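K.L.:
Could you have a look at this structure, given as structure tokens, before my questions?
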Amino acid sequence: MTGHPAADDAAAWFRDVFGAAPDGAWHAPGRVNLIGEHTDYNEGFVLPFALSRGTLAVAGRRSDGALEVRSRQVPGGGATIPAGALAPGAVTGWAAYPAGVVWAMRAAGHQVGGVSMVFDSDLPRGAGLSSSAALECAVALALNDLHGLAVPRSELVTIAQRAENDFVGVPSGIMDQSASLLCQAGHALLLDCRTSEAVAVPFDPACTGLELLVIDTCARRELTDGDYASRRSECEQAAGALGLRSLRDITDVAELSRLADPLLRRRARHVVTENQRVIETVALLRAGRLGEAGTLLAASHVSLRDDFEISWPEADVTVTAATRAGALGARMIGGGFGGSVIALVPADVSARVLESVRAEFSRRGWPPPQFLDAMPSAGARRVRGPFKPAR
Ligand code: ADP
Ligand code: MG
């Protein structure tokens, strides 16, 4: 069992808060989607990989049936939810994420008793790296182990997604939880969002002298939930106008000429070409030709910027600066209008790329971007425990 550097610290905090030793510690990673943006709800393909960064849950069973949670990232913002009080709408704020997982586990028929938990995370929140799924998946795995449930990971994915959709109230797809629970080190995960079939694909930039940089532009989306909903609905309208169940069913962009509305045609063109780019990227990865995927990342960004219209100024500047400084390709990731950019770079130019992005931000008076390394890492796992009782 591999440990985690912050687990002992979080366990000590658990002892301080709850006056007893925890039963164990679990870690669930955040993720980056290499390619396949806004394809998930069109029943298409995505290709995420897990980061080494993620969320730790240190947990212990309790006999009163209640759920009590604290987070290092929300000082003073703990919550206690008594047994029997768990229902959608009953818990607000961040605690709805862990509470939602307990609720969804029980709704799926699993016997989950009371539990105390503390969380610590090194993932930026709202940066498109899925801190929400990392939190949910750490809880799901902790509950599974603590109560000896042996629920398969594929079902934990659905439970964590249900917590986010039906308890927190965020209509997200299945990618984030799948990535956090199913990814393997040195691999990305090809996920078919129609069938939920998940296949590991070798992805190890360092082996070929490359690096995948994650650049948090530190711009955060604001009041744009309506944009996400309108993109979803435009995609549904486009599929409906073509007499199809979803845009997944189109493999030839020429078929889109049947769409009369130019806006719907552009939205659909993004989805159709993006699905093709995922498949082409997978073929390159399997052939050990990752460097050539740079042009696909670049094309994905142009498509998201011009056809899907969800990029934001900091992302466009980052992509241009990174490319000019030697990146093989770069693109915005996530839902749009804020969050992060990824750049595929030869290892020997990565410092120059970062410097160039930093300089462009500084020239515009923008807050400095944050750089994260993105080593394709393992999915959620138990990292400690059982802990010895404190003396
Ligand atoms: P993303 O998943 O891209 O980081 P979301 O908006 O989906 O962004 O999820 C962020 C939300 O998840 C936060 O606002 C908070 O409610 C919750 N969250 C994530 N990580 C933590 C944490 N370590 N402690 C408390 N809440 C967290
Ligand atoms: Mg999220």
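FYI, the numbering for the sequence shown is 10 to 400, going by the working numbering. Don't be surprised by glycine CBs; every beta carbon is placed ideally from N, CA and C. Just so you know, these numbers come straight off a predicted model, no measurement behind them.
1) Pick from Ala296, Leu294, Ile288, Ser255: whose alpha carbon is nearest that of alanine 277?
2) Can you tell me where the alpha helix (DSSP H) with valine 107 in it begins and where it stops?
3) Less than 9 Å between the beta carbons of methionine 184 and valine 291, yes or no?
4) On a CA-only basis, which of Pro97, Thr282, Arg230 is nearest glycine 348? Give me that one, please.
5) Determine, using beta carbons only, whether cysteine 227 and proline 378 come nearer to each other than 9 Å.
6) Decide if alanine 94 is buried, meaning its Cβ has at least 16 other Cβ atoms within 10 Å, or exposed.
7) To the nearest angstrom, how far is the alpha carbon of leucine 158 from that of valine 121?
8) Who are the Cβ neighbours of threonine 89 in its own chain at under 7 Å, not counting the five residues just before and after it?
9) In whole angstroms, what separates the C-alpha of alanine 302 from that of glutamate 220?
10) Can we say the stretch 159-171 touches the stretch 15-35, given the rule of at least three CB pairs closer than 8 Å?
11) What are the start and end residues of the beta strand (DSSP E) that includes proline 57?
12) Alpha carbon to alpha carbon, how far is serine 359 from serine 141? Give it in angstroms, no decimals.
13) Beta carbon of aspartate 185: closer than 8 Å to some heavy atom of the ligand HEM?
14) Would the stretch 28-42 count as touching the stretch 55-68 if we require 3 or more Cβ pairs under 8 Å?
15) What are the boundary residues of the alpha helix (DSSP H) that histidine 13 is part of?
16) Quick check: the stretch 353-368 against the stretch 189-206, are there 3 or more CB pairs under 8 Å?
17) Cutting at 7 Å between CB atoms, please list the residues of its own chain near aspartate 129, excluding the five before and the five after it.
18) Suppose you measure from the CA of glycine 280 to the CA of phenylalanine 58; what does that come to, to the nearest Å?
19) According to DSSP, is isoleucine 351 part of a helix, a strand, or is it coil?
20) Under a Cβ-count criterion, where at least 16 other Cβ atoms within 10 Å of its own Cβ denotes burial, should leucine 294 be classed as buried or exposed?
21) May I ask you to list the residues that DSSP assigns as paired with asparagine 284?
22) Provide the residue span of the alpha helix (DSSP H) that contains phenylalanine 370, from first to last.
23) Since serine 125 sits in a beta bridge, which residues does DSSP pair it with?
24) For proline 133, count the other beta carbons within 10 Å of its own beta carbon; 16 or more makes it buried, fewer makes it exposed. Which is it?
25) Mind the definition here: the stretch 331-348 touches the stretch 301-317 only if three or more C-beta pairs lie below 8 Å; say whether that holds.
P.N.:
The structure says:
1) Ser255
2) It should be noted that the sequence gives proline, not valine, for residue 107. Run containing proline 107: 105-116, per the alpha helix (DSSP H) assignment.
3) no
4) Arg230
5) Yes; because the gap between Cβ atoms is below 9 Å, this pair is in contact.
6) Exposed is the call here.
7) 9 Å
8) Ala75, Glu77
9) 13 Å
10) No, because fewer than three Cβ pairs between the stretch 159-171 and the stretch 15-35 fall closer than 8 Å, the two stretches do not touch.
11) 57-71
12) 29 Å
13) This structure lacks the ligand HEM; its bound ligands are the ligand ADP and the ligand MG.
14) Between the stretch 28-42 and the stretch 55-68, the count of Cβ pairs shorter than 8 Å is three or higher; the stretches touch.
15) Where histidine 13 is concerned, there is no enclosing alpha helix (DSSP H), given that its DSSP letter is neither H nor E.
16) no
17) Ala15, Ala19, Leu65, Arg81
18) First, the amino acid is wrong: residue 280 is valine here, not glycine. Distance between the alpha carbons of valine 280 and phenylalanine 58: 20 Å.
19) strand
20) buried
21) Paired residue(s): none; asparagine 284 is not in a bridge.
22) Residue range 359-372 is occupied by the alpha helix (DSSP H) that includes phenylalanine 370.
23) Paired residues: Gly69, Glu77.
24) buried
25) Yes: at least three Cβ pairs fall under 8 Å.
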